[in-house]
Amino acid sequence: MEQKEIQALVRSVLMEAKIFDGYVIVRAQSRREWSMRLSNGRFERVSTGWDNGLGVQAFTKDGASGLATSDVLEEGVGTKLLAKAIQLAHRNEGVGTKLNRRIWEAPQLQADGVNPAQKVFGEIPLVELEEKVMSLHSRLRGAFPEGVWQTSYRQVEEEWCIGRSDGTLVSFVVPRAVLMHQGTVRDQDKAQSTLIHRSGMDATVLFEELKDHSLERKAMDRAEFARAVCNAPQLPSGHYPLIIDYGLAKGLAHEAFGHAVESDHINESVLGEEGKLRKGLRVARPGVNIIDGPLVGDWAYQPYSANGLLRQTVTIVRDGVLEAGLGDIFSAEEAGMPVTGAGRAESYRHVPLPRMSNIRLLVERMIPLAPAEHLMDEVKAVRATLLQHGELREGEKNLLLLGYRGGQVNPKTGDFVFQCDGIIDVADPDLPIYQPSIFSGKILSALEAIRGGLGEGCYDAIGTCGKGGQSVPSSGGSHRYLLMDADQQVSLGGEHG
Amino acid sequence: MKLVAQLEDLLYQSQLVPKKEELRLSAWRILVHDSEAVSLGVKDNSSGSVYTPPTYRQGESGEVFLVWSDGTCSQATVQLPAQNDPEYWSKELEQWRQASYEDPDATHIPAPEPLPLVAVEDRAIQKIIAGDDEILFDQVKHWLTDKPKNVKMQGSIQAAWGYRHVRTSTGLAVTYQQSQFMAWFSFDSLIGAGFAKRRLIHPQEQEDLWSLTVERYEGMQKEAPPVGPQTQVIFAPSLTEEMLGQFILPNFSGDRVIEGQGAFSKENFIEHRMVFHPQFSLSIDPLRPLELGSYLVTSEGVPAERTELVRNGQLQTPFLRVKDAVRWGAKPTALPQGTAGVYLKHQAEVSWAEAMRGVEDGVLVLSVLGLHTQEAVSGSYSLSAPHSLRILKGQIVGRTDVKLSGNFLADLLASTTKTAHSDLDSHPYLLIKTGIQPL
Chain W
1 MEQKEIQALV RSVLMEAKIF DGYVIVRAQS RREWSMRLSN GRFERVSTGW
51 DNGLGVQAFT KDGASGLATS DVLEEGVGTK LLAKAIQLAH RNEGVGTKLN
101 RRIWEAPQLQ ADGVNPAQKV FGEIPLVELE EKVMSLHSRL RGAFPEGVWQ
151 TSYRQVEEEW CIGRSDGTLV SFVVPRAVLM HQGTVRDQDK AQSTLIHRSG
201 MDATVLFEEL KDHSLERKAM DRAEFARAVC NAPQLPSGHY PLIIDYGLAK
251 GLAHEAFGHA VESDHINESV LGEEGKLRKG LRVARPGVNI IDGPLVGDWA
301 YQPYSANGLL RQTVTIVRDG VLEAGLGDIF SAEEAGMPVT GAGRAESYRH
351 VPLPRMSNIR LLVERMIPLA PAEHLMDEVK AVRATLLQHG ELREGEKNLL
401 LLGYRGGQVN PKTGDFVFQC DGIIDVADPD LPIYQPSIFS GKILSALEAI
451 RGGLGEGCYD AIGTCGKGGQ SVPSSGGSHR YLLMDADQQV SLGGEHG
Chain R
1 MKLVAQLEDL LYQSQLVPKK EELRLSAWRI LVHDSEAVSL GVKDNSSGSV
51 YTPPTYRQGE SGEVFLVWSD GTCSQATVQL PAQNDPEYWS KELEQWRQAS
101 YEDPDATHIP APEPLPLVAV EDRAIQKIIA GDDEILFDQV KHWLTDKPKN
151 VKMQGSIQAA WGYRHVRTST GLAVTYQQSQ FMAWFSFDSL IGAGFAKRRL
201 IHPQEQEDLW SLTVERYEGM QKEAPPVGPQ TQVIFAPSLT EEMLGQFILP
251 NFSGDRVIEG QGAFSKENFI EHRMVFHPQF SLSIDPLRPL ELGSYLVTSE
301 GVPAERTELV RNGQLQTPFL RVKDAVRWGA KPTALPQGTA GVYLKHQAEV
351 SWAEAMRGVE DGVLVLSVLG LHTQEAVSGS YSLSAPHSLR ILKGQIVGRT
401 DVKLSGNFLA DLLASTTKTA HSDLDSHPYL LIKTGIQPL
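Chain order of the listed sequences is W and R. Using the UniProt record's numbering, read the first sequence as starting at 1 and increasing by one per residue. Using the UniProt record's numbering, read the second sequence as starting at 1 and increasing by one per residue.
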């Protein structure tokens, strides 16, 4: 569906809703996706697809809500969904749900966002994209034949239109593209896999990769590292001074901190007290800042919320002090924070929840790091830089954690875990490599342990946020590396120490 | 006109009398889901809050797989066109042609075979969809009335019903009704329970599940003595299921085995290498009535049948989709639906009640943080499990936080590993000896 058709659909439902004495939010989305996967030199799959749909969220005049959605956009679908959503809202009111009338306070907005893509969807024909991805895949296989390689490329364009009873009509386009190499390497009878990516808005990522082959170099370096990890020893579990890469730092900021300041979670968050954000709480050393907000060209870019509000950039932690949270229209005030347009949804089928976009963890105390072309050269540069600045902790392991494999947090207890691809002891001139082990602890202790940054900001660590059973793109980063002191509440798993 | 009918028309026409010769199909298959669902959630003790409102969802979408006359193939997801554009499908066909690629092993479309009789539909769920949804609201009301004092409860309940259509150019034309019912709840985001089948939960099952969860929640309210290196680790059924999903399924996926991306090689399967303890077997069984993993026919038109992946500890076969089966030189097998339909069985399995009585020094791990981050191929894990339940002399004595490190493939090979079953779960409790320490 074209943007104009989506807008017309939303307007027609809003028109019909005028006789309803409550409030409605109408969300229409048209999603187009091309994807391909290659394995060991052959196409495994090339797929194209559309997903168009409509969602109507109705509120009774007292604030009970119901949602109805459909991807069958036949004549009369708007009428049917509107009636169903209103019926469910009344049903909900009848069973005594918690009422919420905040949507009546949302500022009216008219916006028609431009598509930020440099190459619009379809500008580069699929056949040409296939040739480019095959060329990149074949080149990597030739350069690292000991690995078993899968290459994937995916480009998506989402057109959204959100309309509300107050006359708000917000349209925007979110383009995304990602190129990924996944390698499996073996050493003797052990195997390890590695996954790296290059993301952006559109097919430009392929053109850039064909020019500089930076992802290929990273893939080879990571595969070499994974091979070394296969038969590496395990570390004794314990508490160590750590250096974490920006992928892990994004994980820390997102999983361990961002979720804890989302307005719908404050009731159950370690950063909440009696249902309010603990504003003014010192959570990190002076100089530590955490910022969330959309960046144009980024994987998780979204300029407006799925409730039709402008998405704001929020400084969550300023100079080590908790300052603000990520608030959506429905729960921000109750959570003691301003509305920042943080509501995001996977699709028109889902209820928007307060979520992050691109979250960055930055420190004022930054030590410059000379860029290196290859991974182990960079690790050597890290060691040299830390030595030069007196930052290696004497007489103990200083562990560099590489590669973010994901993580999880319990915002209520503050427990978090992260996994990496492998570990290097940069205090040892031989740079010994260890098996990955779980990096876990309490979120406030982890934040308090951050003592500095190494290198410039890198914000392109990407992922998918699974909050509420939805899958929404997320991203973020920090300095190339973050330095953390040993802390009794932050540990690495492994063998019994 | 329904989506499946529109697609059938289009593809038959393109096979027999294409508009252009380059758009001639030699074979195809269609899968369409046509379904409706209603759901209701609980957030922070409030049913149907603004984040978990009663919801109705309607969907009619699917996918097509096409083999063109030059032997190339295409795949696409499809849904009903948004408006009356008579040229819509012609344009789509042109687009699919553009997206064609070479994959000779994928072009085989199986001939129709007799389908088994499998119960996959509960008519009571259809009534809920039709508007008789009292049961959902009543269930949530009971939860909120019966929950332990001062507990912050979250939960969700969903019923879905619809049609599954599978069509192939070789003559298979199957349409059948199927249903799903899912419910889960948690207390203080620390402990929870769930139910997911193709039928409604029975009142007794609901009561047993609820009592067990409340009992365990109460057990969590006091601190227990820390674990030691000899403490027996017990995975709760939901965790066993997650471990199977993380470490076992990826390594039994035919495409990964063929491409050398799994823990086992094709030779390992051919030689029936012993990878689990001889008392363990692992199967995919889509024939069990009203289980979530049950079906009549795969999306590729292969009739459901039971497949043993591991028998008496020895590898038998990975699960094979049609393309993988062609490459493997065997028949396609049963396919798991996530972890549903996968069954791990130990010959000396006992009931959970009996197994627990025999635990002198143990810890029952209900959930772990970060399992999805673990390396599937190696089978190794390093996990934290806050809020586990300490068992001493056969009794739950309180809560303890632990860290686990080990290897799930090694766990299933160990002679010390046992299982225990419960009527509330389709996966077993797993009793293992692994690396454990206080968190």
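Glycine included, C-beta positions come from ideal geometry on N, C-alpha and C.
For residue i, three-class secondary structure by DSSP
i, result
"Ala74/W", "Checking the sequence, you will find Glu at residue 74/W rather than Ala. In the structure shown, Glu74/W sits in coil (DSSP, three-state: anything other than H, G, I, E or B)."
"Glu308/R", "strand"
"Phe59/W", "strand"
"Phe280/R", "strand"
"Ser26/R", "strand"
"Phe235/R", "strand"
"Pro303/W", "coil"
"Asp146/R", "helix"
"Gln3/W", "helix"
"Glu33/W", "strand"
"Asn407/R", "strand"
"Glu378/W", "helix"
"Pro386/R", "strand"
"Ala37/R", "strand"
Residue i: first and last residue of the uninterrupted beta strand (DSSP E) it sits in
i, result
"Val214/R", "Val214/R -> not in any beta strand (DSSP E); alpha helix (DSSP H) instead, spanning 203-219."
"Lys119/W", "Here Lys119/W belongs to no beta strand (DSSP E), and DSSP marks it neither H nor E."
"Phe418/W", "415-425"
"Ala266/W", "Looking at the sequence shown, residue 266/W is not Ala but Ile. Note, Ile266/W: premise wrong, no beta strand (DSSP E); not H, not E."
Min CB distance residue i to chain R below 9 Å
i, result
"Ser193/W", "yes"
"Lys84/W", "yes"
"Asp71/W", "yes"
"Glu74/W", "yes"
"Trp104/W", "no"
"Leu353/W", "yes"
Cut-off 8 Å between Cβ atoms - residues of its own chain near residue i, not counting five sequence neighbours on either side
i, result
"Ala143/W", "Glu216, Met220"
"Ser90/R", "Lys19"
"Ser193/W", "Gln182, Gly183, Thr184, Val185, Ala226"
"Arg97/R", "Glu22, Leu23, Trp68, Ser74"
Any C-beta of chain W under 9 Å from that of residue i
i, result
"Leu80/R", "yes"
"Arg57/R", "yes"
"Gly338/R", "no"
"Pro318/R", "no"
"Leu165/R", "In the sequence as presented, Leu is not what sits at residue 165/R; that position holds His. Chain W, which has no Cβ nearer than 9 Å to the Cβ of His165/R, makes this no."
"Tyr217/R", "no"
"Gln374/R", "yes"
Continuous alpha helix (DSSP H) stretch holding residue i: start and end
i, result
"Met299/W", "Correcting the residue type first, residue 299/W is Trp in the shown sequence and not Met. First-last for Trp299/W: undefined, no H or E at that position."
"Gln108/W", "Counting along the chain, Gln108/W falls outside any alpha helix (DSSP H), and DSSP gives it neither H nor E."
"Phe269/R", "266-270"
"Arg227/W", "214-230"
"Gly155/R", "Taken as a continuous stretch (DSSP letters only), Gly155/R belongs to no alpha helix (DSSP H), being part of the beta strand (DSSP E) at 153-168."
Same chain only: Cβ atoms within 7 Å of residue i, ignoring 5 sequence neighbours per side
i, result
"Ala17/W", "Val24, Leu82, Ser165"
"Ala348/W", "As written in the sequence, residue 348/W is Tyr, which differs from the Ala given in the question. Contacts found: Arg27, Ala28, Gln29, Gly53, Leu54, Gly55, Thr69."
"Ser100/R", "Trp68, Thr72, Cys73, Ser74"
"Ser49/R", "Lys43"
"Arg405/W", "Gln419, Cys420, Asp421"
Cβ neighbours of residue i in the same chain (closer than 6 Å, five flanking residues each side left out)
i, result
"His346/R", "Gln279, Phe280, Thr419"
"Gly336/W", "Lys276, Leu277"
"Ala345/W", "Ala306, Pro352"
"His350/W", "Gln470"
"Leu409/R", "Gly379"
"Leu3/R", "Val32, Glu60, Leu80"
Cβ-heavy atom distance, residue i to the ligand SAH, below 8 Å
i, result
"Ala183/R", "The ligand SAH is not among the ligands present in this structure, which contains no ligands whatsoever."
Sufficient close CB pairs (3 or more, under 8 Å) joining the region 31-44 of chain R to the region 151-168 of chain R: yes
Can you find at least 3 beta carbon pairs, one from the region 298-307 of chain W and one from the region 439-447 of chain W, that sit closer than 8 Å? no
Quick test of the definition: if touching needs 3 or more C-beta pairs under 8 Å, does the region 260-273 of chain R touch the region 422-437 of chain R? no
For the pair the region 110-119 of chain W and the region 296-303 of chain W, tell me if three or more CB-CB distances fall below 8 Å. yes
Would you call the region 352-370 of chain W and the region 383-400 of chain W touching, i.e. three or more CB-CB distances under 8 Å? yes
Three or more C-beta pairs below 8 Å linking the region 390-405 of chain W and the region 318-337 of chain W: no
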